[in-house]
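Undergrad: Mapped onto this note's numbering, the consecutive letters of the sequence shown carry residue numbers 981 to 1678.
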Amino acid sequence: LQQALHSHLDNIPPESRELMGEFGRLYEQQYAVALFNKMRFDIEGGGGPQNQLLHRKVPLKNKSIFSGALFQYLEENKKWRNRFLFIPDSYNINYYENKQAHDRGLHPKGTINCAGYRVLTSMEEYLELLNTSLPGVKAKVGSSPFLKCATQFPLILWHPYARHYYFCVVTEKEQQKWNAVFQDCVRHTNNGLPEECKVQTPAFTDAVRLYRQAHGHYGTWEMMCGTPPQILANLVMETLLPEMRDLITPKLKGKMYERQRNWMLISDAVYGLVQSQTQAQYEAVVQSCEAGRPPLETTIRTDMDQIITSKEHVTSKIRTLVLPKAEKLLKVSIQPYISSILDALMEPTSRGFFEVRDLFFRELVDMSKNLLNDDNKEKLGEHMEKISMLAFHPVKMQSCYEKVETLSLEGLQQRFDVSSPSVFVQRAQILMREQMDDAVYTFEQLLHQSLEGQEQEDFCKTIQRCQDRVIKKFDYDSSTVRKKFFREALLQIFIPYMLKQLTPSCSELPRFQELIFEDFSRFILVENISEEVVLHTVMKDIMMAVKEAAVQRRHNLYRDSIVLTNSDPNLHLLGENPPIDWAEEYGGGQEELDGENTGDPEVQKRRRMKQVVSMIQIEGNASVLPNESCLEVPAVDNIPEEKTEVRSDTSLSQKSEKQVPNGTKEDVNKNAVDDKPPTNRKSLKPQDQRQSGNSKKS
């Protein structure tokens, strides 16, 4: 097996270099086109409705998302060890030996970038995915996996190529909270292509799309997630993994779970190597393109009009060839499905945005109620400090995200080569979070402006006035954002399908390249123009379908004829103001933190960092778990493959007792492990027993 693996690892550099060579050529071509499109847009402008809400430039400055303790399974010694997890604004999961290690500024035991992962909350889900990873290696009825969860509430991070991570908690409430946090980490890291990069991002996405189309892969791609090097590594693995399976699977020996585990380790090792190579190669390609950017910009500025004229001439020739075929395909294969797909997209997406609006409204109403009896600026500052981070609170936003997760394209996925609706679900969820933060930020600025220079007034009336203004703006922006999302989603579904059907009949396209002047050939590509012709063909029908949907009141969409421009010009001036620190300005400053007199400025900064989600509490004020504890599961060799009657709970308890001599079987099974003697524990109530973990020695 080792020889087979090493020989295959030796073949990875040529595979990676071959892909990056082809991708690099496509990227250089698309880079010049994207640069031309960007400069043309800057001159001509795009028009369209103007956003009414303000946008926060740095949403999570000096914020962390979450931190807390749970159990993690360590594969090297087959034990469940308590870990302290800290999630900064990067949404990478850092895990430490304990909270003290984090507070002292030590390096984490490990860091998880969640791009491409799925969060699973049951062993059944995990085993089902695991069984599909190796065709022909299936679990027998009643066979045990290599992993025995220590509690009933697992949290598993699964990836098709990378290492899997196993966690568990002691209550269902904790599991729900951690699941929401992990889902948000996946959602954020999947969205790894910065939209503000108007040249690099479109050049990259078009190059990836054209590469996959050249290899016969049309339609949406579920692994288009993460940063560019991660996406390119996924692109390599898409081809490499089947070859690896054919080569290595016959050489895997041992029981079923041993083969599955060894395959995961091999896949993770290969994926890590591929990712390191794509990182270096992608950076070299980008650096080369950026170095050649100044002369390209000079050419575009000088010859902009001639380039546009030349492109329009070639477009008219290509339209003559492509348009009749595209219109025929549109009439037969696209038009009958537009309304049904649009309905499938609109229902759950609109429910999600309605829930965002309701959540925002409820939070402001709750704040007003609390201020009725305690009407002072300190309390207002305390409430606003929490509301300012509402959009990034994964637990509170979960009800919004769940609405859109019901989105289903069943019956249409196969026809239009849509790999999974998750591509559209996650995009809608990102837009919902942005809308929530825009609404919160606008409300913050309006409220802060209203309170300036006023010693005391009725806060509830002021909140009400600001709230009404923001809700109206939210409704308009929500309509604009959703209509744009629907149009883009329909294009993502239909355009690849049409290109796949039209490609065989458009073999004459390359000859049109001869019509382009050599000086302009870098900015005008025949392949891009033909796709633009196809896009314009279907765009008219999509626009009409969305316009008709806006008339239906149940979707709460504004008609296209209603355009608000500069309806509140003074408001946008507030967007230039510095961020508001409500706790500092209205709450009397930050409380002094323990150990803030430490000499390390990084430790001080970490301790002063505000956290979006509060610590998990169990039935009162008890902490999640003791800071240090360890549970051991049966060794792999002791788990039978055939169905036999095994008391795994007893084995777990007996082995755990060796780790904690003073514990009892009952305590270990509840995962409430501490160092207190049995006499002290017996005198405690269940709630107090959990709280006793707080006083445990570090």
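Ideal placement from N, C-alpha and C gives every residue a C-beta, glycine not left out. Computed from a prediction, not measured in an experiment: that's the story for all the values here.
#1: Leaving aside the five residues before and after S1044 along the sequence, list all residues of the same chain whose C-beta is less than 8 Å from its C-beta, in chain order.
#2: Excluding sequence positions up to five away, which residues of its chain have a Cβ less than 7 Å from the Cβ of A1525?
#3: With H, G and I counted as helix, E and B as strand and the rest as coil, what does DSSP make of T1091?
#4: Going by other Cβ atoms of all chains shown within 10 Å of its Cβ, with 16 needed for buried, is P1230 buried or exposed?
#5: For C1440, which residues in the same chain have their Cβ closer than 7 Å to its Cβ, ignoring the five residues on either side in sequence?
#6: Please classify V1149: does DSSP put it in a helix, a strand, or coil?
#7: Between the alpha carbons of M1224 and G1199, how many angstroms are there, rounded?
#8: Per DSSP, what are the beta-bridge partners of L1137 in this structure?
#9: For I1504 versus F1396, is the C-beta spacing smaller than 8 Å?
#10: On the premise that Y1097 lies in contact with L1691, defined as a C-beta separation below 8 Å, what is that separation, rounded to the nearest angstrom?
#11: Please identify the residue among E1564, F1334 and R1445 whose C-alpha is closest to the C-alpha of R1413.
#12: Within 10 angstroms of the Cβ of S1290, are there 16 or more other Cβ atoms? Answer buried if so, exposed if not.
#13: Report the rounded CA-to-CA distance for V1430 versus T1442, giving the unit in angstroms.
#14: Excluding five sequence neighbours on each side, which residues of the same chain lie with their C-beta closer than 7 Å to the C-beta of P1174?
#15: DSSP three-state label for W1243, please.
#16: Compare the beta carbon distance of S1379 and L1339 with 8 Å and say whether it is the shorter of the two.
#17: Residues in the same chain with beta-carbon distance under 6 Å from K1178, minus the five sequence neighbours each way, listed in chain order, please.
#18: Verify whether the separation of the beta carbon atoms of K1298 and V1506 is less than 8 Å.
#19: Are Q1032 and Y1421 close, meaning C-beta to C-beta below 8 Å?
#20: Measuring straight from C-alpha to C-alpha, what distance separates S1400 and M1203?
#21: If you reduce the DSSP assignment to three classes, tell me which class G1332 lands in.
#22: Using the Cα positions of G1122 and L1110, report the straight-line distance between them to the nearest angstrom.
#23: Leaving out five residues on either side along the sequence, give the residues of the same chain with a beta carbon under 6 Å from the beta carbon of R1143.
#24: Out of M1369, S1402 and L1370, which has the shortest C-alpha to C-alpha gap to E1385?
#25: Grab me the residues of I1560's own chain with a C-beta within less than 7 Å of its C-beta, minus the 5 sequence neighbours each way, in chain order.
#26: Just to confirm the assignment, what range does the beta strand (DSSP E) spanning R1063 have?
#27: Take Q1193 as the anchor and find which of E1565, E1511, E1564 and A1530 has the nearest alpha-carbon.
#28: For Q1163 and N1078, what's the separation of their Cα atoms in angstroms?
#29: In this structure, does DSSP put Q1030 in helix, strand or coil?
#30: Quick check for students: name the residue ranges of the alpha helix (DSSP H) that lie wholly in the stretch 1356-1417, counting only runs of 4 or more.
#31: For the beta strand (DSSP E) that Q1052 lies in, which residues bound it at each end?
#32: Where I1496 and E998 are concerned, what is the direct C-alpha to C-alpha distance, given to the nearest angstrom?
#33: Are L1310 and D1521 close, meaning C-beta to C-beta below 8 Å?
#34: Output yes or no for whether 8 Å exceeds the beta carbon distance between A1049 and N1062.
#35: Applying the 10 Å Cβ sphere with the 16-neighbour rule, what's the burial state of D1418?
TA: The answer reads as follows:
#1: F1066, I1067, P1068, D1069, M1589, K1590, Q1591 and V1592
#2: I1318, S1319 and L1322
#3: Residue state, collapsed to three classes: strand.
#4: exposed
#5: S1348, L1351 and L1352
#6: strand
#7: 25 Å
#8: V1099 and Y1145
#9: no
#10: This structure cannot settle anything about residue 1691, because the visible part of the chain is limited to 981 through 1678.
#11: F1334
#12: Using a 10 angstroms sphere on the CB of S1290, the tally of other CB atoms reaches 16 or more, which defines it as buried.
#13: Strictly speaking, residue 1430 in this sequence is Ser, with Val absent from that position. C-alpha separation (whole angstroms): 7 Å.
#14: T1181
#15: helix
#16: Yes.
#17: Contacts found: K1018.
#18: Reading off the sequence, residue 1298 comes out as Ile, not Lys. The answer is yes: Cβ separation under 8 Å.
#19: no
#20: 10 Å
#21: Looking at G1332 - three-state DSSP - the assignment turns out to be helix.
#22: Caution is warranted here: a pLDDT of 47 is assigned to G1122, below 50, making its placement in the model unreliable, and no coordinate value can be reported.
#23: D1248
#24: S1402
#25: E1424 and H1428
#26: Membership of R1063 in the beta strand (DSSP E) is indicated by the continuous run K1059 to P1068.
#27: E1511
#28: In a straight line, the C-alpha of Q1163 is about 23 Å away from that of N1078.
#29: Three-state result, Q1030: coil.
#30: 1357-1367 and 1374-1384
#31: K1043 to L1054
#32: Going from the Cα of I1496 to the Cα of E998 covers about 29 Å.
#33: yes
#34: yes
#35: buried
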